[in-house]
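Residues 2 to 480, numbered by our numbering, are exactly what the sequence shown covers, in order.
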Amino acid sequence: IFMGYYYSIQRLLKTRMWSDLMGKIHFWGWQLIIVAAAITLPLGYTSGKEYAELEWPIDIAITVVWVIFGWNMFATILKRRERHLYVAVWFYIATFITVAVLHVVNSIEIPVSFLKSYPVYAGVQDALVQWWYGHNAVAFFLTTPYLGLMYYFLPKAANRPVYSYKLSIIHFWALIFIYIWAGPHHLLYSALPNWAQSLGIVFSFTLIFPSWGGMINGLLTLRGAWDKVREDVVLKFMVVAVTCYGMATFEGPMLSLKSINAISHFTDWTIAHVHVGGLGWNAMLTFGIVYWLIPKIFRTQLYSKKLASFHFWIATLGILFYAIPMYVAGFMQASMWNEFTPSGQLKYQFLETVTFMKPFYAVRGFGGALFVLGAIIMMYNIFKTVRKAKLVANEAAEAPALEKVYVKHKGEHWHRWIERRPTPLLVLSLIVILIGGAVEMIPTFLVKSNIPTIASVKPYTPLELQGRDIYIREGCYTC
């Protein structure tokens, strides 16, 4: 993400990054966060919250590094030499502001020691905040930045303009508005109020329209260039990536429907769905960008197009061998869990359902091995490419400064006003993403005012949670 971002934004804005030092701090800070995560998680230092497992010192480090990244980005936008902000930049801005809001709100916690903290939320409110964050962390860290990269690198690789400018406007605003509402579909059949579950379902299903708008815009950008896809391995990776994005964003809304969710929930079907997105959309687009970008940076040709093509085919096969067995396994799991004997007992014990999955897991492992092998081949190919070339650290380029007075052209689209003004674009994006979260969370936090409550039943405070952990740690949990 960050490699493609730093390359594309400077060219889209026709200026260097505002601060090279901030870029370096961002890079090394992010590497230190990864190392800290790799050390603390295996040692058991975790908040236990999905996608937000890291403890409070690392949460603070993520916040600081993310602010440095965003500050540098926005300062660069303000000193740009291109008045119009291209659609990729809109997605970068929305990614920065939304991830910041999600991370800060979900990570509000009370530290009780250097590597231990407890969230300020409890009960169903904690679950709602967690999945408002969890769903949208995927949306705004693995979807919107990659859409920005798609809008830049796919037209570049195909040497074609984006299919529809108007469709990109609809895609952007509809996606960031609708996505933020969809978190409750992770909590169907739970204690979450039915109205919140229903809202999550409605917006999750609606999400298919802007998502497919983006997919269609990407694929139709290749109109007149499909002959290139047959020859160009970069375009092959990108076509599979955009197609997998379409598949995952069709399946996601389907899985949010209660009737289908009742089958898929807790099964390996969910794993298949996630990996079509993660391996198919994110990884394949990343591979395509790397194969296109590294030779450009080093002003050379790719070491071996045959190796890259081999990588494409085994990666594609790897996804199929990974996902298809998981789809079958998930459906079989759900069927076995819902089988009862005439006396009303479960027909299959849980362990039986697990052992039944062994062949599917073996095929899944084979698919994963193929995918990893492809990544290793890419690393070798890129290493050989870089080794025979010389890095061009600074490209000679120049652009005139922006004119202070802008003359509006006749018939100009109204959205151009926003595209020329990064601060209103940032503020509007913030307002759009806050609406859904506020509508769903505020009534849930004020739930005492509209439903009967039991005075003696109260959520644990962070201090009480710490006491419970101490009690269990000291061995008194069976007293």
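C-beta atoms are modelled at their ideal positions from N, C-alpha and C, and glycine is treated no differently.
Kindly list the residues whose CB is nearer than 8 Å to the CB of alanine 226, restricted to its own chain and excluding five residues on each side of it in sequence; keep chain order.
-> Excluding residues within five positions, the ones whose Cβ falls inside 8 Å are Ala159, Asn160, Arg161, Leu236.
Return helix, strand or coil for tyrosine 119, following the three-state DSSP convention.
-> Strand at tyrosine 119.
Secondary structure of glutamate 83, DSSP reduced to three states | In the three-state reduction of the DSSP assignment, glutamate 83 falls in the coil class, being assigned neither a helical nor a strand state.
Cβ distance (whole Å) where isoleucine 490 is taken to contact threonine 207 below 8 Å | Lying outside 2 to 480, the shown extent of the chain, residue 490 is not represented and no answer is given.
Excluding five sequence neighbours on each side, which residues of the same chain lie with their C-beta closer than 6 Å to the C-beta of glutamate 420?
-> Hits under 6 Å: His85, Leu86.
Name the DSSP beta bridge partners of leucine 347, please?
-> Paired residue(s): Phe341.
What's the C-alpha gap between serine 265 and tyrosine 461?
-> Each residue's Cα considered, the two are about 31 Å apart.
Please check the pair isoleucine 69 and histidine 27, which I expect to be a contact at CB under 8 Å, by giving their CB distance rounded to whole angstroms.
-> Indeed, because the Cβ distance is near 5 Å, the residues count as touching under 8 Å.
At which residues does the beta strand (DSSP E) containing valine 113 begin and terminate?
-> Boundaries of the beta strand (DSSP E) around valine 113: 110-114.
In the structure shown, what three-state DSSP assignment does methionine 18 receive?
-> Coil at methionine 18, not helix or strand.
With 16 other Cβ atoms within 10 Å as the buried cut-off, status of alanine 197 = Buried.
Would you mind working out which of Val428, Glu465, Ser457, Gln334 sits nearest valine 102, comparing C-alpha positions?
-> Residue nearest to valine 102 within the set Val428, Glu465, Ser457, Gln334 is Val428 (criterion: CA-CA distance).
What are the boundary residues of the alpha helix (DSSP H) that proline 425 is part of?
-> Counted as a single uninterrupted DSSP element, the alpha helix (DSSP H) harbouring proline 425 occupies residues 423-446.
Could you give the DSSP three-state label for isoleucine 181: helix, strand or coil?
-> For isoleucine 181, the secondary structure class from DSSP, reduced to helix, strand or coil, is coil.
Nearest-angstrom Cβ-Cβ length linking valine 130 and valine 106, presumed shorter than 8 Å | Confirmed, Cβ separation roughly 7 Å.
heavy atom of the ligand PLP below 6 Å from tyrosine 362 C-beta = This structure simply doesn't include the ligand PLP, nor any ligand for that matter.
Residues of its chain near alanine 536, where Cβ-Cβ distance is below 6 Å and the 5 sequence neighbours each way are ignored | A question about residue 536 goes unanswered here, because the residues of the chain that appear run from 2 up to 480.
With C-beta atoms as the reference, is alanine 309 less than 7 Å away from valine 234?
-> Against a cut-off of 7 Å, the Cβ pair of valine 234 and alanine 309 comes out as a contact.
Endpoints, the alpha helix (DSSP H) within which asparagine 107 is located | Note, asparagine 107: alpha helix (DSSP H), 88-107.
DSSP-derived helix/strand/coil call for leucine 143 | Looking at leucine 143 - three-state DSSP - the assignment turns out to be helix.
Between the beta-carbon of glycine 368 and the beta-carbon of tyrosine 323, is there less than 7 Å?
-> The Cβ atoms of glycine 368 and tyrosine 323 lie closer than 7 Å to each other.
When the distance is taken between beta carbons, is tryptophan 133 closer than 7 Å to glycine 375?
-> Contact annotation: glycine 375 and tryptophan 133 have beta-carbon atoms that are not nearer than 7 Å.
Exposed unless 16 or more other CB atoms sit within 10 angstroms - verdict on glutamate 475 = By the 10 Å Cβ count, glutamate 475 comes out exposed.
Look at the alpha carbon of lysine 359 and the alpha carbon of arginine 365, and state the distance between them as a whole number of angstroms.
-> Counting only the Cα atoms, arginine 365 lies some 10 Å from lysine 359.
Exposed or buried, tyrosine 478, counting other C-beta atoms within 10 Å across all chains shown (16 or more means buried)?
-> For tyrosine 478, the pLDDT reaches just 46, beneath the cut-off of 50, and the residue's location in the model is therefore unreliable, although a value from the coordinates is still provided. Burial call: exposed.
Shortest alpha-carbon distance to arginine 388 belongs to which of Ala38, Trp314, Leu303, Ser260?
-> Ranking Ala38, Trp314, Leu303, Ser260 by Cα distance to arginine 388 puts Leu303 first.
Measure from the alpha carbon of isoleucine 2 to the alpha carbon of each residue in Tyr52, Thr41, Leu150, Leu221, then state which is nearest.
-> Of Tyr52, Thr41, Leu150, Leu221, the residue nearest in Cα terms is Leu150.
Does the count of Cβ pairs from the segment 14-34 and the segment 59-78 closer than 8 Å reach three?
-> Verdict: yes, contact present.
Local Cβ density within 10 Å of glycine 219, reported as buried at 16 or more and exposed below that | So glycine 219 counts as buried.
Reduced DSSP category for glycine 49 - H, G, I as helix; E, B as strand; rest coil | Coil, per DSSP.
Could you give the DSSP three-state label for tryptophan 132: helix, strand or coil?
-> In this structure, tryptophan 132 counts as helix in the three-state DSSP scheme.
Between the Cα of glutamine 126 and the Cα atoms of Lys459, Arg469, Tyr152, Leu464, which residue gives the shortest distance?
-> Looking at the Cα atoms, Lys459 is the closest of the given residues.
In angstroms, rounded to a whole number, what distance separates the CA positions of cysteine 480 and lysine 348?
-> The pLDDT assigned to cysteine 480 is 48, lower than 50, so where the model puts this residue is not dependable; a value taken from the coordinates is nonetheless given after this. Looking at the two C-alpha atoms, the distance is approximately 35 Å.
Excluding the five sequence neighbours on either side, which residues of its own chain have a C-beta within less than 7 Å of the C-beta of methionine 239, listed in chain order?
-> The residues are Leu155, Ala158, Leu286, Gly289.
So, using beta-carbon positions, are alanine 400 and lysine 50 closer together than 7 Å?
-> For alanine 400 and lysine 50, no; Cβs fall outside 7 Å.
Just how far apart, CA to CA, sit threonine 250 and asparagine 262?
-> So the two alpha carbons sit approximately 15 Å from each other.
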